[in-house]
Structures are given as C-alpha cells and as structure tokens.
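Trainee: Sharing a structure here in structure tokens format.
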C-alpha cells in the first residue's frame, strides 16, 4: 500500500499559484512546496505541471530545479515525474556514471511489472532518442552487459501458472552453476532473464527446499566471490524477483546504517515506492531492525529533505 | 502498398452465412471462401469470425481447418488472424521445429516495427502463456540463442535521427569482425541487436562506401562460412533491416526457383505482406527476374492454393 496522503480533489491552478508564490517570493518557501507536491498523486502532479505551464509559460520542473538545492532538489525532481518517466531518468543517470550503477538498472528491470518495464523503455526513447538497451549495451561490457541488456529487454510472462517439473530441473541447473562457480553460464542467463517471475520464485523455492532452507542468493554469494560484480548483479536480480519489499528494506538499511547516509538510494526507494508499497516496506523494516523506518529517516536526514521524505512516508502535516 | 482488394463496406453476418453454406453443403465450396476471405482486411476478417461465432456457436478457424486441406488450408489459417497474432503463430511454429527455423524468427524480429514486434510479444503470451524470448531461448543454444533472444527482445528506437560518427566507428567494428571472422563478437551483437534501423542503415552504407560498393552482407558471407548458421542468421538480420522488400524478393525467388516449391515461405511472405507492401515487392521481383510475380506464382502453385494466393496478390475475381 501507498504511504502518500493525497486529497481526492485538488485545484491544479491553485497548486500552481501556491508553488509560483513559494518560488518567486523573497527566498523560497520550501514548506509550501512540500505541502503541495508531497501530497499529490502522479496524475495530480502532472496536472499541476500543465497548469503551471499555462499560467506562467514556464516549466515547473526547471523552475524547481533552479529554486531548490541539494538532496531536497534531487528528491523533488525525481518525485514530480510519472513513474515510467522517472524510471527512464533514473536508469539514464545510472548508465551515465563512470562505473554504471548496475543495481539501479537491475532494480528497475526486475521489480517493475513486464508492462511497466515496457513503459519505461517507451519513456526512455521519448526522452533520449535512443533505446534503453542501446545505452545499457554501449556503456557496459562482457557478462554484465549480456545480463543487463537481457534484463532490461525482457517482457516476461506475467501469469501465475508455474511448471513444477521445470522449476526442479532449472533449480538443478542453477545448483550446478553455483557449485562450479560458472554463474555466467548461458543457461543461468537464460533462466534468470526469460522465465516468468512466478516460475523463478518456484525455482528458487525448489532450490531452497533441496538445500535445507538455504537461500540461493546466500549460496551464490560464496567465498571469494564477494567482490565479483557479476555474481553481485545476479544476486540483485534474484532478490528483486523473489521479494522486492525485502530487497528494498535491504537497500534502505544499507543506505542508513553507515556513518554517511546514501541519500541517492534512500530517495530512490522512497520516491518510487511512496505510491506503491512503502507501507509494507516500512513494516518489514521495523520487523527486521526493531526501529521505525520514519525514525531512521529522521535520524539520518535533515532540513527540507527530511521533511519531504517524511511527508512521502505518510506524515500528517 | 497493399495488393489486397477489399470493399469499404461488407456485412460480417452475410459473410459468415456465405462461408457457412460453403463449408456445410455437399463438398466444400472453396471458391466462395476465397471470394470472401481473400477480399477482407484484417479488421473485417475479425468481424466475420465474431459474426460466425454468434450465428453458429462455432469457431470459424476450427471450421475452416476441418474443411480445407493442404497448402490452401495453411494459407487461409495464417491469413485469417490479425498480424500480431499471426506472427506469434508463425514464430511458435518456427521455434517448435526440430531445428528451429531461425530465419522466420529473425524476419519477424527485424522487419516489423518496434511497436509491431512488441504487439507480437504480447500476442505470443496470450496464446502460449509463455514469453516469446523464453521459448526462443529454451529451443536454441550458443551464439544463435544470444542473437535470436536479443533480436526478439529488442525495442529499437524508431526515429530517423542518425549519428554519422557512430556509423563510422561501428562500421569499423563490423569490418574488423568480418576480417577476423569473429562474427559472434559481443560488439557485433550489440550493434546489430540494439541500434535503431536508421542508424544501422547508415552504418551499413558507411561500410559499403569504404569497401568500393561491396555490401556488408556479401563480405560477411566470405569463403568457408557458407555453412555457418550464425553468419547466415546475421546476414538475414542485416538484410531484413537494410531493405525488407529486397529481402522478401529473395525469399520468394528462392521459394520458387527450384524444382520443388517452398510453399511455407511463399505463403508466409504473401499473407504477411498482402496488406502492407506486396505491391512494391512484386515490382521489385519483376525488375530482378524479368518475369511477373503473379506469373511465377501461377507457374509454381495449383488449385485453390494458387487461386487464393493470386487473390491476395490483387487478382480481380
């Protein structure tokens, strides 16, 4: 369930006017911006963007980019877009890094539904005049490239039907690859990149049953492979497919556990999940860490950025 | 342009009634079936299927399958479906063969527009409860698998913009691979499977300019590679992307040049192109072979099958 609190009715024109005043006055009124944008659904935000353009002949996104700063600015920038467009943006940022951030790309490819991923590919082309897989392929090499291109290009079957015999045989193939440490075997790629999520869950469960309850991602880790980019990428894909909430709890926990907070990861999870399942992620976070998620966010962030994240997380004004 | 001659108005109910009488009388009236179905657009044919179901509580496709026979039956069966659904059917048939018919799969992946290919992937899942790439991957191995899965999973950028510098550098990469006979190099895969068709055409043109007018598909052929499945698959992909009409002329020419006609290929080209660009394909066929396409079809086929193909090809009743 979503954590976002949004009114059923809102006036896009009034919203645009409030944001305009907040931006154009003496100093920026961040609180006003949060009180509007932090309480609007994706569709409502798009209406505000349109109203703003009509009223002031100016792009709301560029306006906010120039008025806000730091992590707050980044969070609002990501938040304001529709999900598919935002994912296109996140994927492009991840690809363009000196060392592409594989995990963000894998997260988008493996957490989103097949139809949602296709919408991301469409949005990517509108934005960048290139295909997502084209850019991923051009910025990566070797096994990682093969894996990432296949993951972002997948249009998995979305039905619930599973084939138990197939799960058994493919759990065996994965087992052999893990034992031989040939994670890059083409059969492993085929299974992880083309099977439906329901089928893969059955396969991972089968693996676990046959290994006295040990998860496949644990064995895939193995000794000496800690630093292996490819094994790490494969583990991320498996985690995203198996249980995305659990995966996101891990991401936000890692983002906040050290001395330095990883704001980019925290922002990404919160803006992409606030309208989806942040409620379940928060509950799972609490169960795992015995500290409330909002408390952890409050302890690790500050200022308008903190206020904005807590608003997305369901804090009443 | 299409060769199909279809009325702007038709009565789906009357069509269904005529076909019913043609099927249920003493002996089947194939001429009547051709005179209806050979003159209806994809949308009109779907309306006839619906009307038939409503009137007789029977599936028109199954009915025709049981009444017709041979190549005529196969052609009508393929023709009756909507394009994306038909492609899903053709791809599945190609995959299921003891040795998958790579060229059909490549043709569908590389000739259709990116949006059309995605519609095929959707239709495939509705029909078979699996993804197209999943089935392609499960029935192939090695480099061919990597190539085919990437081609069917592609969602290429469809814009016309090209990057000349990129065309130059990637023509160089292809040149090196051809010289080294390392066609399966991952860079070759990346270029052929992810770049837009407009960009690839620019790259192939660049290659040709730098090789005194010799086409890349000619050099890729090379000596000793004649029998190489992978090189042949790559050539088919390149031909489909470069100029699909020329490619289809080659397919139908090969289908009809020997002592034994390859009806499957001839049927496939005609049913998939009759509503698209069979007119241009016929013209190009004539320019290349100095014999009219319809004459060639008439010489190499017979009976109802011949009548049906010639009807699709624009013959007036």
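Residue numbers (my numbering), protein chains in the order written: chain E, 6 to 322; chain H, 6 to 322. From the three backbone atoms N, C-alpha and C, an ideal C-beta is built for every residue, glycine too.
#1: Can you find a CB in chain H that lies within less than 7 Å of the CB of residue 313 of chain E?
#2: Is residue 162 of chain E close to chain H? Criterion is C-beta to C-beta, closer than 7 Å.
#3: In the segment 157-229 of chain E, which residue ranges form an unbroken alpha helix (DSSP H) of at least 4 residues, counting only runs that do not cross its ends?
#4: What is the rounded straight-line gap between the Cα of residue 283 of chain H and the Cα of residue 152 of chain H?
#5: Is the beta carbon of residue 274 of chain H sitting closer than 7 Å to the one on residue 257 of chain H?
#6: Considering Cα atoms alone, identify which of H/29, H/70, H/50 is closest to residue 12 of chain H.
#7: Anything in chain H within Cβ reach of residue 188 of chain E, meaning under 9 Å, just list it in chain order.
#8: What does a CB cutoff of less than 6 Å around residue 20 of chain H pick up in its chain, not counting 5 residues either side in sequence?
#9: Just checking: is the beta-carbon of residue 158 of chain H within a distance shorter than 7 Å of some beta-carbon in chain E?
#10: Comparing the C-beta of residue 199 of chain E with each C-beta of chain H, is any distance below 7 Å?
#11: Are the beta-carbon atoms of residue 271 of chain H and residue 188 of chain H separated by less than 7 Å?
#12: Which chain E residues are close to residue 215 of chain H, counting only those with a beta carbon under 8 Å from its beta carbon?
#13: Enumerate, from N- to C-terminal direction, the unbroken alpha helix (DSSP H) stretches of 4 or more residues contained entirely within the segment 260-313 of chain E.
#14: Is the CB of residue 231 of chain E under 7 Å away from at least one CB in chain H?
#15: Is the number of C-beta pairs between the segment 159-167 of chain H and the segment 121-136 of chain E that are closer than 8 Å three or more?
#16: Measuring straight from C-alpha to C-alpha, what distance separates residue 230 of chain H and residue 236 of chain H?
#17: Once you ignore the five residues that flank residue 316 of chain E on each side, which residues in its own chain have a CB closer than 6 Å to its CB?
#18: Going by beta carbon distance, what residues of the same chain come within less than 6 Å of residue 148 of chain H, once the five residues before and after it are set aside?
#19: Using 8 Å as the threshold, is the segment 115-129 of chain H in touch with the segment 245-254 of chain H, meaning 3 or more CB pairs across them?
#20: Compare the Cα-Cα distances from residue 253 of chain H to each of H/296, H/108, H/61, H/25 and report the closest residue.
#21: Could you tell me the distance, in whole angstroms, from the CA atom of residue 83 of chain H to the CA atom of residue 90 of chain H?
#22: For residue 71 of chain H, count the other beta carbons within 10 Å of its own beta carbon; 16 or more makes it buried, fewer makes it exposed. Which is it?
#23: Verify the CB distance criterion: does residue 166 of chain E have a CB-CB separation below 7 Å to chain H?
#24: Do the segment 306-314 of chain E and the segment 24-36 of chain H touch if we need at least three Cβ pairs shorter than 8 Å?
#25: Starting from residue 44 of chain E, trace the alpha helix (DSSP H) in both directions and tell me its first and last residue.
#26: Report the residues of the segment 144-156 of chain E with a CB closer than 8 Å to any CB of chain H, ordered along the chain.
#27: For residue 296 of chain E, does the count of other Cβ atoms within 10 angstroms reach 16, so buried, or fall short, so exposed?
#28: Mind reading off the beta-carbon distance from residue 250 of chain E to residue 285 of chain E? Whole number of angstroms is fine, and I expect it under 8 Å.
#29: Measure the CB-CB distance between residue 96 of chain H and residue 106 of chain H and report whether it falls below 7 Å.
#30: Use the C-beta contact count for residue 146 of chain E: other C-beta atoms within 10 angstroms, 16 or more gives buried, fewer gives exposed.
#31: Should residue 167 of chain E and residue 203 of chain E be called a contact, given that it needs their Cβ atoms to be closer than 7 Å?
#32: Rounded to whole angstroms, how far is the Cβ of residue 141 of chain E from the Cβ of residue 111 of chain E, which I believe are closer than 8 Å?
#33: Reducing DSSP to helix, strand and coil, say where residue 250 of chain H ends up.
#34: For a test of the three-state rule: what should DSSP assign to residue 315 of chain H, helix, strand or coil?
Mentor: Let me spell this out:
#1: The sequence position of residue 313 of chain E within the first chain is 308, counting from 1. Answer no: the Cβ-Cβ gap between residue 313 of chain E and chain H never drops below 7 Å.
#2: Within the first chain, residue 162 of chain E is the residue found at index 157, counting from 1. Yes - at least one Cβ of chain H is within 7 Å of the one on residue 162 of chain E.
#3: Within the segment 157-229 of chain E, the runs of alpha helix (DSSP H) at least 4 residues long that lie entirely inside it are, in chain order, 169-185, 191-199, 202-215, 221-226.
#4: The residue you call residue 283 of chain H lines up with position 278 of the second chain. The residue you call residue 152 of chain H lines up with position 147 of the second chain. Between the C-alpha atoms of residue 283 of chain H and residue 152 of chain H there is a straight-line separation of about 28 Å.
#5: The residue you call residue 274 of chain H lines up with position 269 of the second chain. The residue you call residue 257 of chain H lines up with position 252 of the second chain. Result yes, Cβ atoms of residue 274 of chain H and residue 257 of chain H sit closer than 7 Å.
#6: Position 7 of the second chain, counting from 1, holds the residue named residue 12 of chain H. The shortest Cα separation from residue 12 of chain H among H/29, H/70, H/50 belongs to H/50.
#7: Start at 1 with the first residue of the first chain, and residue 188 of chain E comes out as number 183. Going along chain H, no residue has its Cβ under 9 Å from residue 188 of chain E, so there is no contact; the nearest lies around 17 Å.
#8: The sequence position of residue 20 of chain H within the second chain is 15, counting from 1. So the list reads 41, 53, once near-sequence residues are dropped.
#9: Here residue 158 of chain H refers to the residue found at position 153 of the second chain. By this cut-off, residue 158 of chain H is an interface position.
#10: Here residue 199 of chain E refers to the residue found at position 194 of the first chain. Output row for residue 199 of chain E: interface = yes.
#11: As a working mapping, residue 271 of chain H is identified with position 266 in the second chain. As a working mapping, residue 188 of chain H is identified with position 183 in the second chain. In this structure, residue 271 of chain H sits away from residue 188 of chain H, with a CB-CB distance that is not shorter than 7 Å.
#12: Working through the second chain from its first residue, we reach residue 215 of chain H at position 210. Chain E residues near residue 215 of chain H: none, gap ~22 Å exceeds 8 Å.
#13: Counting only runs that start and end inside the segment 260-313 of chain E, the alpha helix (DSSP H) elements of at least 4 residues fall at 268-278, 283-294, 298-305.
#14: The sequence position of residue 231 of chain E within the first chain is 226, counting from 1. Residue placement at residue 231 of chain E is poorly supported in this model, since its pLDDT is 46, which falls under 50; the coordinates are not used for a value here.
#15: Enough Cβ pairs lie closer than 8 Å, so yes.
#16: Sequence index remark: in the second chain, residue 230 of chain H carries index 225 (1-based). Sequence index remark: in the second chain, residue 236 of chain H carries index 231 (1-based). Note that residue 230 of chain H has pLDDT 48, beneath the 50 cutoff, so the model's placement of it is unreliable and the number below is only indicative. Residue 236 of chain H has its alpha-carbon roughly 7 Å from the corresponding atom of residue 230 of chain H.
#17: The residue given as residue 316 of chain E occupies position 311 in the first chain. Only 39, 43 meet the Cβ criterion.
#18: Here residue 148 of chain H refers to the residue found at position 143 of the second chain. Within its own chain, the residues whose Cβ lies closer than 6 Å to the Cβ of residue 148 of chain H, once the five positions on either side in sequence are excluded, are 189, 235, listed in chain order.
#19: They touch, by the three-pair rule.
#20: Residue 253 of chain H sits at position 248 when you count from the first residue of the second chain. Nearest C-alpha to residue 253 of chain H: H/108.
#21: As a working mapping, residue 83 of chain H is identified with position 78 in the second chain. As a working mapping, residue 90 of chain H is identified with position 85 in the second chain. So the two alpha carbons sit approximately 9 Å from each other.
#22: The sequence position of residue 71 of chain H within the second chain is 66, counting from 1. Label assigned to residue 71 of chain H: exposed.
#23: Taking the first chain and counting its residues from 1, one reaches residue 166 of chain E at position 161. Answer yes: the Cβ-Cβ gap between residue 166 of chain E and chain H drops below 7 Å somewhere.
#24: Three or more beta-carbon pairs separated by less than 8 Å are not found between the segment 306-314 of chain E and the segment 24-36 of chain H, which leaves the two stretches without contact.
#25: Taking the first residue of the first chain as 1, we reach residue 44 of chain E at position 39. Judged by DSSP secondary structure, residue 44 of chain E falls outside any alpha helix (DSSP H); it is assigned neither H nor E.
#26: Result list: 146, 147, 150, 151, 154, 155.
#27: The residue you call residue 296 of chain E lines up with position 291 of the first chain. Burial call: exposed.
#28: Numbered from 1 along the first chain, position 245 holds the residue referred to as residue 250 of chain E. Numbered from 1 along the first chain, position 280 holds the residue referred to as residue 285 of chain E. Contact between residue 250 of chain E and residue 285 of chain E holds, with the beta-carbon distance rounding to 5 Å and staying under 8 Å.
#29: Residue mapping note: residue 96 of chain H aligns to position 91 of the second chain, counting from 1. Residue mapping note: residue 106 of chain H aligns to position 101 of the second chain, counting from 1. Not in contact: residue 96 of chain H and residue 106 of chain H (Cβ atoms no closer than 7 Å).
#30: Within the first chain, numbered from 1, the residue matching residue 146 of chain E stands at position 141. Label assigned to residue 146 of chain E: exposed.
#31: Sequence index remark: in the first chain, residue 167 of chain E carries index 162 (1-based). Sequence index remark: in the first chain, residue 203 of chain E carries index 198 (1-based). Contact flag set, yes.
#32: Locating residue 141 of chain E in the first chain gives position 136, where the first residue counts as 1. Locating residue 111 of chain E in the first chain gives position 106, where the first residue counts as 1. Approximately 10 Å separates the beta-carbon atoms of residue 141 of chain E and residue 111 of chain E; this is outside 8 Å, ruling out the contact.
#33: Indexing the second chain from 1 puts residue 250 of chain H at position 245. Secondary structure at residue 250 of chain H: helix, using DSSP grouped into helix, strand and coil.
#34: For this step, residue 315 of chain H is matched to residue 310 along the second chain. Three-state DSSP puts residue 315 of chain H in a helix.
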